[in-house]
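Here the structure comes first, spelled out in C-alpha cells, and everything after it is commentary.
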Amino acid sequence: MPVLRDTPYGAFNFLISFEGLDPNSVQAGFSGVRGLDRGVDLLEYRAGNYKTNAPRLVPGRAKPIMVTLTRGLVGDTTLYEWMSASLEGSPDRRTVVIQLLAEDRSEVVQTWRLANAWPAALEGPTLDAMGSAVAIERLVLVADDMSIG
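Heads up: the sequence shown is residues 464 to 612, going by our numbering.
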C-alpha cells in the first residue's frame, strides 16, 4: 500500500527482487530503473460531418510494458542465464517486484509488480581504455502487466 505524505519521496533507495536473486545481495544491487510506465496508443478519428476539421483522439491498444534495470558489472551471470531462455525462443517469465524505500530505508513506500516479466535484451557495458566510468550493464524486461501498490 503506498504511503502518502506531503513531500515527494527520493528516488534513490529501492529494492528489486525476482527468482534467482536475493534483493539484498550484490547481484541485485541495481543502480537504476527506467520505464515504470503505462499508456495507450492514441488513434485519430474524424467523421466527415464533424463541425471542425480537427480529429478526436480515442484510446487504442495498451502500450507494452518495457522496464530497464541498470547495474554495475559484478561478474555474476544470473541475468545472462535468464536471458538465454529468451534467446532460445521460450522466455522464462517471472514476477519482478520493485520497491521504493523511504529515505531512511525504514519502510517500503510504493511497490511496482511486473507480471510475467522476461528479458528482451541484455546490454553489456561500454568499454573505453581512456575513460574512468563504472562498467554498467542493462537488462530490458517486458511484462504482461504492471500493478502498483
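C-beta atoms are modelled at their ideal positions from N, C-alpha and C, and glycine is treated no differently.
- Message: Are the CB atoms of Leu564 and Asn675 within a distance shorter than 7 Å?
- Response: Limits of the chain in this structure are 464 at one end and 612 at the other, which puts residue 675 out of reach.
- Status (buried if at least 16 other CB within 10 Å, exposed otherwise) for Gly593: For the sequence presented, residue 593 should be read as Met rather than Gly. Counting other Cβ atoms within 10 Å of its Cβ, Met593 stays below 16 and is therefore classed as exposed.
- Determine the closest residue to Leu520 out of Ala510, Pro527 and Glu544, with distance taken between C-alpha atoms. Per the Cα distances, Ala510.
- Delimiting residues of the alpha helix (DSSP H) encompassing Leu550: Where Leu550 is concerned, the enclosing alpha helix (DSSP H) stretches over Thr541 to Leu550.
- Task: From the DSSP output, in three-state form, read off Ala491 for me.
- Result: Helix.
- Name the residue from Tyr513, Thr515, Gly502 and Val537 whose alpha carbon lies nearest to the alpha carbon of Pro522. Nearest of Tyr513, Thr515, Gly502 and Val537 to Pro522, Cα basis: Gly502.
- Hey, could you find the ends of the beta strand (DSSP E) Ala580 is sitting in? Ala580 -> beta strand (DSSP E) spans Val571 to Glu586.
- Query: When you compare only the Cα positions, how much space is there between Gly498 and Trp575?
  - Reply: Cα-Cα distance, rounded: 11 Å.
- Message: Does the contact criterion of 3 or more C-beta pairs under 8 Å hold for the segment 488-497 versus the segment 579-596?
- Response: Contact between the segment 488-497 and the segment 579-596 is absent, because fewer than three Cβ pairs lie under 8 Å.
- Query: In whole angstroms, what separates the C-alpha of Asn516 from that of Leu577?
  - Reply: Between Asn516 and Leu577, the alpha-carbon positions lie close to 41 Å from each other.
- Task: Helix, strand or coil for Pro471, going by three-state DSSP, please let me know.
- Result: DSSP, read as helix, strand or coil, puts Pro471 in coil.
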